[in-house]
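Asker: The structure's right below; bear with me while I get my questions together.
In our numbering, the protein residues as written are 16 to 284.
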């Protein structure tokens, strides 16, 4: 539970998750693009696990899907309820809960999104429990989409935002690169919270170990993780060119690791 308490405290007291995609929309746009390729039928039953304040939930519910949102943070669930009232879009359920013990029946969902939990669980046993729960609640033939943070994300961000000038952050990066276990003992908000950063190879190994099939990995931000995209995202022409290049390279194995976020898609046999 130590992981849970540290992560919950970060999101409820130190970080405004509700603003994340507004401040940095590329991750959301790219993730939507990839998710949309697997949402090809109407009225799907969808679980959005560790879905924060529900940006993906409300996007999918607006399309007519039956979406269940679950998140560890009670604050996130309350904010999600407020969004629902303001938008007039209704979710099937909103629950505060743990991704390692889902409150859903077996074989319930056509699609499971797990867009946060796996990069906050440092122990492999916890991650596998999470994957096993996702598989349990999926219908046979159902699709799962899992989000990860790259092993090299703190190194890239360190140089991109000059965090690397701080000796304490240098030690964080060194540990991340060696073990994948990210800690922020000083509680500096820009340095993130308790997390686990995956290599592409480890992602594939764990998803395969979870008995999923048809595994594909996608770079979300891809090479754009290395650059400041603020001006690009404000110019429609430049934004579309960037998105074209990201789509072109999204499955290139040699470039997966430089993407801050990686999505894995897979099916339940």
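For every residue, glycine included, the Cβ atom is placed at its ideal position computed from N, Cα and C.
1) Specify, as a first and last residue, the run of the beta strand (DSSP E) that residue 163 falls within.
2) Which residues mark the beginning and the end of the alpha helix (DSSP H) in which residue 254 is found?
3) Excluding five sequence neighbours on each side, which residues of the same chain lie with their C-beta closer than 7 angstroms to the C-beta of residue 131?
4) Which partner residues of residue 282 appear in the DSSP bridge assignment?
5) Starting from residue 43, trace the alpha helix (DSSP H) in both directions and tell me its first and last residue.
6) DSSP three-state call for residue 65: helix, strand or coil?
7) So, is residue 260 buried or exposed, given that buried needs 16 or more other C-beta atoms within 10 angstroms?
8) Taking the C-alpha atoms as reference points, what is the distance between residue 246 and residue 274?
9) What is the DSSP secondary structure of residue 35, reduced to helix, strand or coil?
10) Evaluate the contact criterion for the region 67-77 versus the region 100-111: three or more CB pairs, one atom per stretch, below 8 angstroms.
11) From what residue to what residue does the beta strand (DSSP E) around residue 124 run?
12) Considering only the alpha carbon of each residue, which of 270, 265, 281 lies closest to residue 48?
13) Can you give the Cα-Cα distance for residue 53 and residue 78, rounded to whole angstroms?
14) Answer with buried or exposed for residue 37, where buried requires no fewer than 16 other C-beta atoms within 10 angstroms of its C-beta.
Answerer: Walking through what the data contain:
1) As a first step, residue 163 must be located in the chain shown, where it is residue number 148. Element bounds for residue 163: 153-164.
2) Against the chain shown, residue 254 aligns to sequence position 239. Counting along the chain, the alpha helix (DSSP H) containing residue 254 begins and ends at 251-264.
3) Working through the chain shown from its first residue, we reach residue 131 at position 116. Excluding sequence neighbours, residue 131 sits near 65, 67, 162.
4) By 1-based counting over the chain shown, the position of residue 282 is 267. Residue 282 is bridged to 158, 228.
5) Against the chain shown, residue 43 aligns to sequence position 28. Per DSSP, residue 43 belongs to the alpha helix (DSSP H) from 40-51.
6) Counting from 1 along the chain shown, the entry for residue 65 is found at position 50. DSSP places residue 65 in coil when its eight states are reduced to three.
7) Numbered from 1 along the chain shown, position 245 holds the residue referred to as residue 260. The residue is exposed, with fewer than 16 neighbouring Cβ atoms inside 10 Å.
8) On the chain shown, residue 246 is found 231 positions in, with the first residue counted as 1. On the chain shown, residue 274 is found 259 positions in, with the first residue counted as 1. So the alpha carbons of these two residues sit roughly 19 angstroms apart.
9) Here residue 35 refers to the residue found at position 20 of the chain shown. Looking at residue 35 - three-state DSSP - the assignment turns out to be helix.
10) yes
11) Translated into the one-based positions of the chain shown, residue 124 becomes position 109. Its beta strand (DSSP E) spans residues 124-129.
12) Position 33 of the chain shown, counted from the first residue, corresponds to residue 48. Of the listed residues, the one whose Cα sits closest to residue 48 is 265.
13) In the chain shown, the residue the question calls residue 53 occupies position 38. In the chain shown, the residue the question calls residue 78 occupies position 63. The alpha-carbon atoms of residue 53 and residue 78 are separated by roughly 13 angstroms.
14) On the chain shown, residue 37 is found 22 positions in, with the first residue counted as 1. Burial call: exposed.
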